[in-house]
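Chains as they are written, first to last, in UniProt numbering: chain C, 1 to 717; chain X, 1 to 206.
Just so you know, even glycine gets a beta-carbon here, dropped at the ideal spot from N, CA and C.
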Amino acid sequence: MKTFYTFILFFLSFTVLAQNEISGTVLDEKNKPIAGANIYIDGTYDGATSDENGKFSFSTTTTGNQTLVISFVTYETLSIAIDVANYKNKTVKLRESVNSLDAVIVTAGTFDAGEKARISVLKPLDIVTTAGAMGDIVSALQTLPGTNTVGEDGRLFVRGGEADETQTFVDGIRVAQPYGATTANVPTRGRFSPFLFSGMSFSTGGYSAEYGEALSSVLLLNTQDEMVEEKTDISLMTVGLGLANTQKWGKNSISFNTAYINLEPYQRLIPQNADWNKPFQSLSGEAVYRHDFENGLFKLYAAFDASQFDINQESINSTTKTRVDLNNNNFYLNASYKANLSNHWQLFSGLSYGYGQNKIGLDVNDVENNEHSSHLKMRLKKSFSDRVKLTFGADYFITKFDESFNSNEDFTFKSGYNANIAATYAETDIFFSKKFAGKLGVRLSNNDLLEETVVSPRASLAYKVSKSGQFSLAYGSFTQAPRQDYLKYADYLSSEKADHYILNFLYNKNRKLFRAEAYYKKYSDLVKFDTNVSQFDSQFTNAGSGYAKGFEMLWRDNSTIKNLEYWVSYSYIDTQRDYKNYPTTVTPNFVANHSLSVVSKWWINKLKSQLSITNSFSSGRPYNNPNEANFMASKTKSYNNLSLGWAYLLSQQKILYVSVSNVLATQNVFGYEYANTVNTNGIYERREIRPTADQFFFVGFFWTISDNKKDNQLNNL
Amino acid sequence: MKTIITITAFFVCSMLAAQTQYETGMQKALSLWGEGKPAEATALFERIASAEKTNWLPSYYIGMINAIEAFNPKNREKATALIEKAQNAVDNATLISPNNAEIMVLQAMVYTAVLVQDPMTNGMKYSGLAMEQYYKALAIAPNNPRVVFSKAEFEIGGAKWSGADTKPMCEQIAKSIELFATFKPETAFHPNWGLDRANEALKNCK
Numbered sequence: 001m002k003t004f005y006t007f008i009l010f011f012l013s014f015t016v017l018a019q020n021e022i023s024g025t026v027l028d029e030k031n032k033p034i035a036g037a038n039i040y041i042d043g044t045y046d047g048a049t050s051d052e053n054g055k056f057s058f059s060t061t062t063t064g065n066q067t068l069v070i071s072f073v074t075y076e077t078l079s080i081a082i083d084v085a086n087y088k089n090k091t092v093k094l095r096e097s098v099n100s101l102d103a104v105i106v107t108a109g110t111f112d113a114g115e116k117a118r119i120s121v122l123k124p125l126d127i128v129t130t131a132g133a134m135g136d137i138v139s140a141l142q143t144l145p146g147t148n149t150v151g152e153d154g155r156l157f158v159r160g161g162e163a164d165e166t167q168t169f170v171d172g173i174r175v176a177q178p179y180g181a182t183t184a185n186v187p188t189r190g191r192f193s194p195f196l197f198s199g200m201s202f203s204t205g206g207y208s209a210e211y212g213e214a215l216s217s218v219l220l221l222n223t224q225d226e227m228v229e230e231k232t233d234i235s236l237m238t239v240g241l242g243l244a245n246t247q248k249w250g251k252n253s254i255s256f257n258t259a260y261i262n263l264e265p266y267q268r269l270i271p272q273n274a275d276w277n278k279p280f281q282s283l284s285g286e287a288v289y290r291h292d293f294e295n296g297l298f299k300l301y302a303a304f305d306a307s308q309f310d311i312n313q314e315s316i317n318s319t320t321k322t323r324v325d326l327n328n329n330n331f332y333l334n335a336s337y338k339a340n341l342s343n344h345w346q347l348f349s350g351l352s353y354g355y356g357q358n359k360i361g362l363d364v365n366d367v368e369n370n371e372h373s374s375h376l377k378m379r380l381k382k383s384f385s386d387r388v389k390l391t392f393g394a395d396y397f398i399t400k401f402d403e404s405f406n407s408n409e410d411f412t413f414k415s416g417y418n419a420n421i422a423a424t425y426a427e428t429d430i431f432f433s434k435k436f437a438g439k440l441g442v443r444l445s446n447n448d449l450l451e452e453t454v455v456s457p458r459a460s461l462a463y464k465v466s467k468s469g470q471f472s473l474a475y476g477s478f479t480q481a482p483r484q485d486y487l488k489y490a491d492y493l494s495s496e497k498a499d500h501y502i503l504n505f506l507y508n509k510n511r512k513l514f515r516a517e518a519y520y521k522k523y524s525d526l527v528k529f530d531t532n533v534s535q536f537d538s539q540f541t542n543a544g545s546g547y548a549k550g551f552e553m554l555w556r557d558n559s560t561i562k563n564l565e566y567w568v569s570y571s572y573i574d575t576q577r578d579y580k581n582y583p584t585t586v587t588p589n590f591v592a593n594h595s596l597s598v599v600s601k602w603w604i605n606k607l608k609s610q611l612s613i614t615n616s617f618s619s620g621r622p623y624n625n626p627n628e629a630n631f632m633a634s635k636t637k638s639y640n641n642l643s644l645g646w647a648y649l650l651s652q653q654k655i656l657y658v659s660v661s662n663v664l665a666t667q668n669v670f671g672y673e674y675a676n677t678v679n680t681n682g683i684y685e686r687r688e689i690r691p692t693a694d695q696f697f698f699v700g701f702f703w704t705i706s707d708n709k710k711d712n713q714l715n716n717l
Numbered sequence: 001m002k003t004i005i006t007i008t009a010f011f012v013c014s015m016l017a018a019q020t021q022y023e024t025g026m027q028k029a030l031s032l033w034g035e036g037k038p039a040e041a042t043a044l045f046e047r048i049a050s051a052e053k054t055n056w057l058p059s060y061y062i063g064m065i066n067a068i069e070a071f072n073p074k075n076r077e078k079a080t081a082l083i084e085k086a087q088n089a090v091d092n093a094t095l096i097s098p099n100n101a102e103i104m105v106l107q108a109m110v111y112t113a114v115l116v117q118d119p120m121t122n123g124m125k126y127s128g129l130a131m132e133q134y135y136k137a138l139a140i141a142p143n144n145p146r147v148v149f150s151k152a153e154f155e156i157g158g159a160k161w162s163g164a165d166t167k168p169m170c171e172q173i174a175k176s177i178e179l180f181a182t183f184k185p186e187t188a189f190h191p192n193w194g195l196d197r198a199n200e201a202l203k204n205c206k
């Protein structure tokens, strides 16, 4: 028993003897004291909170080498190895966390949408509640600065670039055919319904070295990482039906979305400018499957789309209309796996396969083309600290295209190509401080068809000038293989090139955002040819060039007036190019010098309704009048479209949605088609190119069935 | 034999010492919180969590304090940092104690905190996430008064917007008050809050 007491005594005295005093001061980077920081020895109760002078002291019963942890909200947590016996009156400096909300971000050229984005210009909801967008992601983006609305085409035209200068990526993997198939002067839509996407980033220039083969712009769409709940959505619309369903089990979830669209009943009721034999109809579906691993996420995205229409197209050069009968089948599959490895490594790998088939009847002739495209991608990211990250990876693009033209006189012409592009890139993200950050990257790519290798450097910097304002600068060199229409006849061409220089200012406070951007873009090696249209016997060269410069402004306010959100965007562009078969350097016909969009959404609680109004205005676009001496020297009248949308909550899960585009019935003219030859009076006659219909009316009923009675499809309208 | 006794005594002593230290720590931290010192309380809970690596309660309270702070309009600028802190604490607590209905209720509160930051953007997604937690919690602990009450309270919040009938939710709140009367927390430090709020909510029902 004696021994027992001895032991206890020994331990007690040992404890008393081993009391070590720990003390010091916690300061920030500017040597100002931090009050309220938590200082403790890891794995023990021993610790203290710093006082208003940043001072702390406490005693500990531990001995030897220990880990001292110092933490404070919005600062980086510090762990230091200390010897408890002599850690007295030391000074500890905490660095502000660059992950905090008010840290600088590199934003030049980019619009982010979605909750993960720190500065979200557009919300996922906006795509669908913007009047006139009709659930089309591309139409919603056309209300942002830097884009030109080209009503007869429907695709994205960015900063004086052609529509195919924008590449679309789903979960980081390229989509070779992002738009529905169409014919001249019938606008298309993006293939992707907003239903399955949670985040979006739209870059109008100066983007990361991770993305290549795009001269002007990239659109990055991300499928949802997690599904919130099981539910079924039913849509009944004047133009068709839709059904969506989500299932969850264990670590898996699957969502699918399918739609049948048929414009025939609608077009019987509402007069059309175009002469349809068979209006547009399509059956489409998308599905996302997700599986969570302990440290990773696997996603499989698949989409198919079968569409057809039959139209008689007018032409000034022919007294009879040309019948275009188009059948398009499209399939896209994309699989990706993302994993967090040890030591702050992150792995991403994925692949896609896309198949597009068009069968086009042109009067008595027909064209059939097939495109197989694939993208393999691998990316590794290492975070050395919160402040330094390195990303590198490799891409492999495979494209196989073939086309056959069959005339009724037994004449067949076949064309096509196989192209393989291998690319590798490296990029580093550095925070020099919470106010100053940069991104530096380089991309190397090799195209085996064109037998060329190009190096594209990219750089951007951002500096925060005040609590809410920051400047960014970006430079990048971009290349893209010539488009399909040229490559199928001429594989001796080389890639087209563009250099971007961007200066951006961003101000963001209390859910109000102001963004101004000025840019200069220089094009070189653009493809030229010497015939009326590009054809098998054209002589192609890379002798074209061009430039685009301009400035853009965006003001978005979500907070000044309760329940009202609105944004105003304005773009000015000055651009000229000498490409295609242009005789000289001029502004191309898809560019309007001034574009202005005003979008507003007003939630009226009493009526349980959301009212949305969008007005899009563009100044006149150039067109070529062969009766005049100068090429492309005339301009159309300006374009205006005022659209209204009204969503009414019948009950929490049932919504009635009504929308009308071009309420004022403005007679918009996109351009003119001129005759190839003069008439008897020596004048080239012309025909207006107008929308296929001046107005579009839409009525839909959307019903959600889920356990969570608050959920509805306001997201998807 | 002597050695065994000595060793046993040593362990008993050190365990007792640790227990007391835990109890003093928890009491002190809870009273700091009660005195309106959330930062100090969080700091102390963090120290307790660092020593008690298998106890979910310190992390639970870190999550609770920071979630509540995130709701305070005064903390608007810091809200994201507070929510992040709360979410990390919930993650830690869940690792220690999976399938814990109390932590699920807390997780739903953290989601609600995200929701109120920008209801127009976050509303749909985070109300779904919060409801999912309430349903899971209800399946595990159908008679936990906090689960019953918090779910009903959250649903009333949504009903105000949609104009749905709140009568069934009010009945649930009344039921939760009965459950509170018989609820016994495992220890003095286990969650035992909610009766006052439930009484208050029931008043607003009438």
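| Check | Outcome |
| --- | --- |
| Local Cβ density within 10 Å of X/His190, reported as buried at 16 or more and exposed below that | exposed |
| Residue from C/Asn53, C/Asp275 and C/Arg95 whose Cα sits closest to the Cα of C/Asp325 | C/Asp275 |
| Secondary structure of C/Ser383, DSSP reduced to three states | strand |
| Nearest-angstrom Cα separation, counted from X/Trp56 out to X/Pro168 | 33 Å |
| Cβ-Cβ separation, C/Val121 to C/Leu513 (assumed contact under 8 Å), whole Å | 7 Å |
| Presumed contact (8 Å Cβ cut-off) between C/Ser545 and C/Asp578, rounded CB distance | 6 Å |
| Proximal chain X residues relative to C/Gly47, where beta-carbon distance stays under 9 Å | Ala43, Leu44, Glu46, Arg47 and Ser50 |
| Buried or exposed by the 16-neighbour rule on C-beta atoms within 10 Å, applied to C/Asp112 | buried |
| Closer than 7 Å to chain C by CB, X/Gly25 | yes |
| Contact list for the stretch 122 to 135 of chain X against chain C, Cβ threshold 7 Å | Asn122, Met124, Lys125, Ser127, Gly128, Leu129, Met131, Glu132 and Tyr135 |
| C/Asp126 (DSSP reduced to helix, strand or coil) | helix |
| Three-way DSSP call (helix, strand, coil) for C/Thr204 in this model | coil |
| Closest residue to C/Phe405 among C/Leu450, C/Asn358, C/Lys30 and C/Arg387 (Cα-Cα distance) | C/Asn358 |
| Partners in chain C for X/Glu186, counting only beta-carbon separations shorter than 9 Å | In chain order: nothing, as chain C lies at least about 22 Å away. |
| 7 Å Cβ cutoff, X/Gln21 in contact with chain C | yes |
| Segment limits, beta strand (DSSP E) that includes C/Ile22 | Asn20 to Leu27 |
| Host beta strand (DSSP E) of C/Asp42 (start-end) | Per DSSP, C/Asp42 belongs to no beta strand (DSSP E) and is neither H nor E. |
| Terminal residues of the beta strand (DSSP E) in which C/Lys88 lies | Tyr87 to Lys93 |
| Which of helix, strand or coil DSSP assigns to C/Leu607 | coil |
| For X/Asn88, the first and last residue of its enclosing alpha helix (DSSP H) | Ala79 to Ile96 |
| The stretch 133 to 148 of chain X touching the stretch 103 to 111 of chain X, judged by at least three CB pairs closer than 8 Å | yes |
| Contact set between the stretch 67 to 83 of chain C and chain X, restricted to residues whose Cβ is under 8 Å from the partner | Val69, Ser71, Val73 and Thr74 |
| Boundaries (first-last residue) of the alpha helix (DSSP H) holding X/Thr182 | Lys167 to Thr182 |
| 7 Å Cβ cutoff, C/Thr62 in contact with chain X | no |
| Cutoff 6 Å; reference C/Lys32; Cβ partners in own chain excluding five residues on either side | none |
| Chain-ordered chain C contacts of X/Ala39 [CB-CB under 7 Å] | Gly36 |
| For C/Arg189 and C/Val138, believed in contact at Cβ under 8 Å, the rounded distance | 7 Å |
| Reduced DSSP category for C/Asn558 - H, G, I as helix; E, B as strand; rest coil | coil |
| Residues bridged to C/Val175 (per DSSP) | C/Thr168 |
| Nearest-angstrom beta carbon gap, C/Ala462 and C/Val106 [assumed within contact, 8 Å] | 5 Å |
| Candidates C/Ser315, C/Gly350 and C/Gln224, of which the one nearest C/Tyr289 by Cα | C/Gln224 |
| Segment contact, 8 Å Cβ cut-off, at least three pairs: the stretch 523 to 539 of chain C with the stretch 488 to 498 of chain C | yes |
| Expected contact under 8 Å - CB spacing of C/Phe478 and C/Leu141 to nearest Å | In fact, because the Cβ distance is near 19 Å, the residues do not count as touching under 8 Å. |
| Spatial distance of C/Arg483 from C/Glu371 (CA atoms) | 13 Å |
| Assigned secondary structure, C/Asp363 (DSSP; H/G/I helix, E/B strand, else coil) | coil |
| Beta carbon of C/Leu269 nearer than 7 Å to that of C/Ala306 | no |
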